Amino acid sequence: MLFFVYQEGDMDDKTIAIASMLATVRSAELSYWTLIASICSSFATLFIAFMALNTWRSQERVKLKINFKMAVAKYLEVLIYLPPVMSGKGELSSRYNKHDLINSLVLCKTAWSMTEGVFNGTAIENDWNIILDNHAEYLKGSIDSRVIYEACERISSSKILGVIFIR
Numbered sequence: 008m009l010f011f012v013y014q015e016g017d018m019d020d021k022t023i024a025i026a027s028m029l030a031t032v033r034s035a036e037l038s039y040w041t042l043i044a045s046i047c048s049s050f051a052t053l054f055i056a057f058m059a060l061n062t063w064r065s066q067e068r069v070k071l072k073i074n075f076k077m078a079v080a081k082y083l084e085v086l087i088y089l090p091p092v093m094s095g096k097g098e099l100s101s102r103y104n105k106h107d108l109i110n111s112l113v114l115c116k117t118a119w120s121m122t123e124g125v126f127n128g129t130a131i132e133n134d135w136n137i138i139l140d141n142h143a144e145y146l147k148g149s150i151d152s153r154v155i156y157e158a159c160e161r162i163s164s165s166k167i168l169g170v171i172f173i174r
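Under the numbering used here, the first residue of the sequence shown carries the number 8, and numbering increases by one thereafter.
Below, the structure written as structure tokens:
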């Protein structure tokens, strides 16, 4: 960078024009680097926003998985207090609280629908289908609750929480 040292009376038109031109060039250089810094800052902001969105999405998936697992645990808790084979007799069936089991299954179905396919193709999906397929049969007294119990146990004991790395 050139600086002009001048004394009174040394400034003529050419010197003023050159000094003005150099100041304009310096201003253009600073504007260029300001533009580069703004672009880099924009990309850094986009990257951080993208990472935050992915972290949030992962956290929401974990919450949905936990909600489903809790609903299955509640279903299992109700199932434990019912007899191994449900009696089809009206008197005995009124003694057992089938409504709690049905309500628990509704909560499980709601939690399952909220997962939106997170468990597709997994053992948890297979166990969930076992529960769904055998629930009505158990209430009719056609099957033992052991099949449903084991499927619930596998879901309850499965590890659905992955490690989330924040970089």
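Cβ coordinates follow ideal geometry from the N, Cα and C atoms, glycine included. What you are looking at is a predicted structure, and each value in this text was computed from that prediction instead of being measured.
- Annotated as distal: S164 and V79, with beta-carbon spacing of 8 Å or more.
- For V85, the enclosing alpha helix (DSSP H) stretches over residues D20 to I87.
- The alpha-carbon separation between S111 and E84 amounts to approximately 9 Å.
- When DSSP states are grouped into helix, strand and coil, K166 belongs to the coil group.
- Approximately 7 Å separates the beta-carbon atoms of I137 and V154; this is inside 8 Å, confirming the contact.
- Annotation for E144: the continuous alpha helix (DSSP H) segment containing it runs A130 to K147.
- A Cβ-Cβ distance of about 5 Å is found for the pair M121 and L71, placing them in contact under the 8 Å criterion.
- With 16 or more other CB atoms across the displayed protein chains lying within 10 angstroms of its CB, K76 is buried.
- CA-to-CA, the gap between E157 and G128 works out to about 19 Å.
- Annotation: G148 to R161 spans about 23 Å, alpha carbon to alpha carbon.
- Between P91 and D151, the gap from beta carbon to beta carbon is short of 8 Å.
- Residue environment: C47 is assigned as exposed (fewer than 16 neighbouring CB atoms within 10 Å of its CB, all protein chains considered).
- For N104, the closest C-alpha among the options I25, K116, Y82 and S49 is that of Y82.
- The residue among F126, G124, S94 and W135 with its C-alpha nearest the C-alpha of V113 is W135.
- For D151, the secondary structure class from DSSP, reduced to helix, strand or coil, is coil.
- Minimum Cα-Cα distance from M93 among the listed residues I73, Y145, I55 and C159 corresponds to Y145.
- Assignment of V125 by DSSP, reduced to helix, strand and coil, places it in the coil class.
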